[in-house]
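Below is one structure; the comments refer to it alone.
There are 2 protein chains.
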Amino acid sequence: MNPVVVVHGGGASSISKDRKERMRQGIVRAATVGYCILKGGGSAVDAVEGAVAELENDPEFNAGCGSVLNVNGDIEMDASIMDGKDLSTGAVSAVRCIANPVKLARLVMDKTPHCFLTNQGAAKFAADMGIPEVPVEQLITERNRKHLEKEKAEKGAQKSGCPENLGTVGAVALDCKGNLAYATSTGGIVNKMIGRVGDSPCVGSGGYADNNIGAVSTTGHGESILKVNLARLTLFHIEQGKTAEEAANLSLNYMKSRVKGLGGLILISKTGDWVAKWTSTSMPWAAAKEGKLHAGIDLNDTTITELP
Amino acid sequence: MNPVVVVHGGGASSISKDRKERMRQGIVRAATVGYCILKGGGSAVDAVEGAVAELENDPEFNAGCGSVLNVNGDIEMDASIMDGKDLSTGAVSAVRCIANPVKLARLVMDKTPHCFLTNQGAAKFAADMGIPEVPVEQLITERNRKHLEKEKAEKGAQKSGCPENLGTVGAVALDCKGNLAYATSTGGIVNKMIGRVGDSPCVGSGGYADNNIGAVSTTGHGESILKVNLARLTLFHIEQGKTAEEAANLSLNYMKSRVKGLGGLILISKTGDWVAKWTSTSMPWAAAKEGKLHAGIDLNDTTITELP
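Chains as they are written, first to last, in this note's numbering: chain A, 92 to 399; chain B, 92 to 399.
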């Protein structure tokens, strides 16, 4: 089986030219990390964890360092991961002061009888696993501090409706043995209420992976994604015989028409077909397959280069 | 449209004769409460909230008062609710010291721009909404204290595999206007880790409602239900033309074969067909439609009586 990895850096409305270039570099780096893991014989689960951790460490993206701030100016993060071989999954919600929520989600999957730990319990588990606590200041960027100030000034706290900046990061992978996996990680929505959980830790919404069908990671307005179970919905279309592209378009358009939600998704089918689609203005993404790297941010700006 | 309500009191392995009678009374009371709301012109959302709150207040069921204890001897509860009209949904996870998590989930749906609040943030929101704090001792029953002791003595903490007692409570309803809704509430799994979140607050797993398809509330091994997105999976079978009974059997059997998970579900289709199905040994359930009350706990023990 030819390994494939696809990553995304979240749906977004408007990105400055400078930042766009940094995001492109970050997303390409993450795809390359994931692809190297797969080419080295690593599993799909290892690849998505590695790619997403790379994006969490990059302050340009809304996950890990660079997460948006909640109404209190604090960071609470959600993440999940899934192994399509046996549907095992791990997730965390509202975790604070750790660098890589995706790694904690992986530990929930591998080291507990559970699938999902939240907030204080997740923090206790992280400490038990020896994960170092990181001061929140280390995760907060100046850009996000200003972003929260602007949001509060412009619209007041806890506004309703669909926000414009819809960041999440995610990865899907198919390994040499035909195993599929996904991982998704996010800081959520700027100015969110304390304890707000989005779609990212909810398997079926923030992502889904099943070796018999495909793997999906989603991004966009979390509340809308939850309402339509975007990831699983997309895979049901695949099960009904749709192509990866048709399935992505069907489920994203359904989310737009039924609940007025914008977003994007990356998908790999069990046969290795892949797609990156979005209804938001833009979505940084990259895909690596057969030695080639495909990447883009806006519609019709895909570049294809040779992987080293 | 003829209103319909179906309720369940969780999957279970073995129930004593005495307790069975108390459970039967409780489940019939909850169905009657839900049906009265519907007959009085109340919405499907009001009916499922009312029926589930009734079961949360009944110490025989694993939700609200009567919730099972976690590894620390504490109670952390999950709940969710969904309106099939516009797919709006509210959920809470790992909430402590409140009597009715389902009512808090309803407030998340109605009073915030979010769908899901967890732990400390959910507690803050509850306080802001004026929901009284209840001492945890008021929610803990002697039966559940003994249950935790027995579990710890027999199997040690954090065992893996599928537990035998799989309690959750839930309701689905169809109102006179053709609106569907579900609500699910639970104390989770005995001896669970702190912060463990099950399927109940995750829309698509613990339940789903869509006026165009049907409404489902699930119960059983939460980790298995999450892995297969049991509620949404069942409704996909309905969308593919299966009957309510066929859809329930297909998805429960799939969960059993794919991830070795046991459970049960209640379902109402948009045309008012309903079913209660389980793969666990028993599941207390009751359904009210056209003035008749159907109820049962074990296989083939359904009774049908006239509603007052």
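Even glycine gets a Cβ: it sits at the ideal position worked out from N, Cα and C.
**Report entry** Any C-beta of chain B under 7 angstroms from that of F207 (chain A)
**Finding:** As a working mapping, residue 207 (chain A) is identified with position 116 in the first sequence. It does: the Cβ of F207 (chain A) has a partner Cβ on chain B nearer than 7 angstroms.
Query raised in the report: Listed from N- to C-terminal order along the chain, which residues in the stretch 270-293 of chain A have their beta-carbon within a distance smaller than 9 angstroms of any beta-carbon of chain B?
Result: Those would be I280, K283, M284, I285, G286, R287, V288, G289, D290, P292, C293, in chain order.
Query raised in the report: Can you name the residues of chain B whose CB is closer than 8 angstroms to the CB of A264 (chain A)?
Result: Sequence index remark: in the first sequence, residue 264 (chain A) carries index 173 (1-based). By Cβ distance, chain B contributes nothing, its closest Cβ being about 19 angstroms from A264 (chain A), past 8 angstroms.
Query raised in the report: Should M220 (chain A) be labelled buried (16 or more other beta-carbon atoms within 10 Å of its own) or exposed?
Result: Here residue 220 (chain A) corresponds to residue number 129 of the first sequence, with the count starting at 1. By the 10 Å Cβ count, M220 (chain A) comes out exposed.
Report task. Tell me, please, whether the stretch 352-364 of chain B touches the stretch 289-305 of chain B by the rule of three or more beta-carbon pairs shorter than 8 angstroms. Result -> Output reads yes: the stretch 289-305 of chain B touches the stretch 352-364 of chain B.
Query - Local Cβ density within 10 Å of K250 (chain A), reported as buried at 16 or more and exposed below that - result: Here residue 250 (chain A) corresponds to residue number 159 of the first sequence, with the count starting at 1. In this prediction, K250 (chain A) scores a pLDDT of 46, lower than 50, which makes its location untrustworthy; no coordinate-derived value is stated.
**Report entry** Euclidean distance between Cα positions of R234 (chain A) and T370 (chain A)
**Finding:** Your numbering for residue 234 (chain A) matches position 143 in the first sequence. Your numbering for residue 370 (chain A) matches position 279 in the first sequence. About 25 angstroms.
Query raised in the report: Pairing CB atoms from the stretch 146-155 of chain A with CB atoms from the stretch 264-274 of chain A, are three or more of them under 8 angstroms?
Result: In short, these stretches do not touch, since the Cβ pair count stays below three.
**Report entry** I316 (chain A) vs G363 (chain A) beta-carbon contact at 7 angstroms
**Finding:** For the purposes of this step, residue 316 (chain A) is taken as the residue at position 225 of the first sequence. For the purposes of this step, residue 363 (chain A) is taken as the residue at position 272 of the first sequence. G363 (chain A) is positioned such that its CB atom lies no closer than 7 angstroms to that of I316 (chain A).
Requested in this report: Check whether the stretch 197-214 of chain A touches the stretch 273-291 of chain B, taking contact to mean three or more Cβ pairs, one atom from each stretch, closer than 8 angstroms.
Outcome: Yes: the two stretches touch, three or more of their Cβ pairs being nearer than 8 angstroms.
Report task. Check whether the stretch 222-242 of chain B touches the stretch 155-165 of chain B, taking contact to mean three or more Cβ pairs, one atom from each stretch, closer than 8 angstroms. Result -> Yes, the stretch 222-242 of chain B is in contact with the stretch 155-165 of chain B.
Query raised in the report: Residues in its own chain within less than 8 angstroms of S342 (chain A) by CB, not counting five upstream and five downstream?
Result: Locating residue 342 (chain A) in the first sequence gives position 251, counting from the first residue. Its chain contains V319, L321, L324, T325, H328, L356 as the residues whose beta carbon lies nearer than 8 angstroms to that of S342 (chain A), once the 5 sequence neighbours on both sides are disregarded; these appear in chain order.
Query raised in the report: Which residues bound the beta strand (DSSP E) around K380 (chain B)?
Result: The residue you call residue 380 (chain B) lines up with position 289 of the second sequence. Note, K380 (chain B): beta strand (DSSP E), 376-380.
Report task. Give me the Cα-Cα distance between T372 (chain A) and I106 (chain A), rounded to the nearest whole angstrom. Result -> If you number the first sequence from 1, residue 372 (chain A) lands on position 281. If you number the first sequence from 1, residue 106 (chain A) lands on position 15. If I take the Cα positions, the gap works out to 10 angstroms.
Query raised in the report: Does L358 (chain B) have its Cβ less than 7 angstroms from a Cβ in chain A?
Result: Indexing the second sequence from 1 puts residue 358 (chain B) at position 267. Judged by the 7 angstroms Cβ criterion, L358 (chain B) is not in contact with chain A.
Requested in this report: Locate the alpha helix (DSSP H) running through E140 (chain B), then write down its first and last residues.
Outcome: Locating residue 140 (chain B) in the second sequence gives position 49, counting from the first residue. Start and end: 135-147.
Query raised in the report: How about G311 (chain A): is its C-beta nearer than 7 angstroms to some C-beta of chain B?
Result: In the first sequence, the residue the question calls residue 311 (chain A) occupies position 220. Not one chain B Cβ lies under 7 angstroms of G311 (chain A).
Query raised in the report: Can you find a CB in chain A that lies within less than 7 angstroms of the CB of Q229 (chain B)?
Result: Here the question's residue 229 (chain B) lines up with position 138 in the second sequence. Answer no: the Cβ-Cβ gap between Q229 (chain B) and chain A never drops below 7 angstroms.
Query - Segment contact flag, the stretch 177-197 of chain B with the stretch 217-232 of chain B, C-beta cutoff 8 angstroms, min 3 pairs - result: These segments touch.
**Report entry** Segment limits, beta strand (DSSP E) that includes H99 (chain A)
**Finding:** Sequence index remark: in the first sequence, residue 99 (chain A) carries index 8 (1-based). In the DSSP annotation of this structure, the continuous segment of the beta strand (DSSP E) that includes H99 (chain A) starts and ends at 95-99.
Query raised in the report: Beta-carbon of S184 (chain A) versus every beta-carbon of chain B: anything under 7 angstroms?
Result: Residue mapping note: residue 184 (chain A) aligns to position 93 of the first sequence, counting from 1. It does; some Cβ of chain B falls within 7 angstroms.
Query raised in the report: From the beta carbon of A213 (chain A), is the nearest beta carbon of chain B less than 7 angstroms away?
Result: Your numbering for residue 213 (chain A) matches position 122 in the first sequence. Yes, A213 (chain A) counts as interfacial toward chain B.
Requested in this report: Report the residue ranges of all alpha helix (DSSP H) runs contained in full by the stretch 185-246 of chain A; include only those spanning at least 4 residues, in chain order.
Outcome: Residue ranges of uninterrupted alpha helix (DSSP H) with 4 or more members, entirely inside the stretch 185-246 of chain A and ordered along the chain, are 192-202, 210-219, 233-246.
Report task. Alpha carbon to alpha carbon, how far is G289 (chain B) from H385 (chain B)? Give it in angstroms, no decimals. Result -> For this step, residue 385 (chain B) is matched to residue 294 along the second sequence. For this step, residue 289 (chain B) is matched to residue 198 along the second sequence. Roughly 29 angstroms between the two C-alpha positions.
Requested in this report: Could you pull out every residue in the same chain whose Cβ sits closer than 7 angstroms to the Cβ of V193 (chain B), ignoring the five residues on either side in sequence?
Outcome: Within the second sequence, numbered from 1, the residue matching residue 193 (chain B) stands at position 102. Hits under 7 angstroms: E140, V143, A144, E147, A170, I172, A274, S276.
**Report entry** CB contact below 7 angstroms: A248 (chain A) versus chain B
**Finding:** Numbered from its first residue, the first sequence carries residue 248 (chain A) at position 157. Note on A248 (chain A): pLDDT 44, under 50, position unreliable in the model; no value is reported.
Requested in this report: Please report how far the alpha carbon of H99 (chain B) lies from the alpha carbon of V119 (chain B), in whole angstroms.
Outcome: As a first step, residue 99 (chain B) is located in the second sequence; it is residue number 8 there, counting from the start. As a first step, residue 119 (chain B) is located in the second sequence; it is residue number 28 there, counting from the start. Computed Cα separation, rounded: 10 angstroms.
Requested in this report: Pull up the DSSP beta-bridge partners for H385 (chain B), would you.
Outcome: Within the second sequence, the letter at position 294 stands for residue 385 (chain B). Residue pairing from DSSP places H385 (chain B) in a beta bridge opposite B:A378, B:I395.
Query - A377 (chain A) versus V183 (chain B): straight-line alpha-carbon distance, rounded - result: The count along the first sequence starts at 1 and reaches residue 377 (chain A) at position 286. The count along the second sequence starts at 1 and reaches residue 183 (chain B) at position 92. Computed Cα separation, rounded: 35 angstroms.
Query raised in the report: Does any CB atom of chain B fall closer than 7 angstroms to the CB of L178 (chain A)?
Result: Here residue 178 (chain A) corresponds to residue number 87 of the first sequence, with the count starting at 1. Interface residue, yes.
Query raised in the report: Pick from A:A262, A:Q229, A:K111, A:A121: whose alpha carbon is nearest that of D392 (chain A)?
Result: On the first sequence, residue 392 (chain A) is found 301 positions in, with the first residue counted as 1. Distance check between D392 (chain A) and each of A:A262, A:Q229, A:K111, A:A121 places A:K111 closest, using alpha-carbon atoms only.
Query raised in the report: From Y299 (chain B) to K176 (chain A), what does the alpha carbon distance come to, in whole angstroms?
Result: As a working mapping, residue 299 (chain B) is identified with position 208 in the second sequence. As a working mapping, residue 176 (chain A) is identified with position 85 in the first sequence. A straight-line Cα-Cα distance of about 25 angstroms links Y299 (chain B) and K176 (chain A).
Requested in this report: Write down the C-beta distance between A264 (chain A) and A103 (chain A) rounded to the nearest angstrom, noting that I regard them as a contact closer than 8 angstroms.
Outcome: In the first sequence, residue 264 (chain A) corresponds to position 173, counting from 1. In the first sequence, residue 103 (chain A) corresponds to position 12, counting from 1. Their Cβ separation, rounded to whole angstroms, is 23 angstroms, which puts A264 (chain A) and A103 (chain A) out of contact at 8 angstroms.
Query raised in the report: Which chain B residues are close to G295 (chain A), counting only those with a beta carbon under 7 angstroms from its beta carbon?
Result: For the purposes of this step, residue 295 (chain A) is taken as the residue at position 204 of the first sequence. In chain order: G295, S296, N320, R323.
Report task. Report yes or no: is there a C-beta of chain E within less than 7 angstroms of the C-beta of L317 (chain A)? Result -> The structure shown contains no chain E; its protein chains are A and B.
Query raised in the report: Can you tell me the Cα-Cα spacing of L195 (chain A) and Y126 (chain B), whole angstroms?
Result: Start at 1 with the first residue of the first sequence, and residue 195 (chain A) comes out as number 104. Start at 1 with the first residue of the second sequence, and residue 126 (chain B) comes out as number 35. Each residue's CA atom was taken as its position, placing L195 (chain A) and Y126 (chain B) some 44 angstroms apart.
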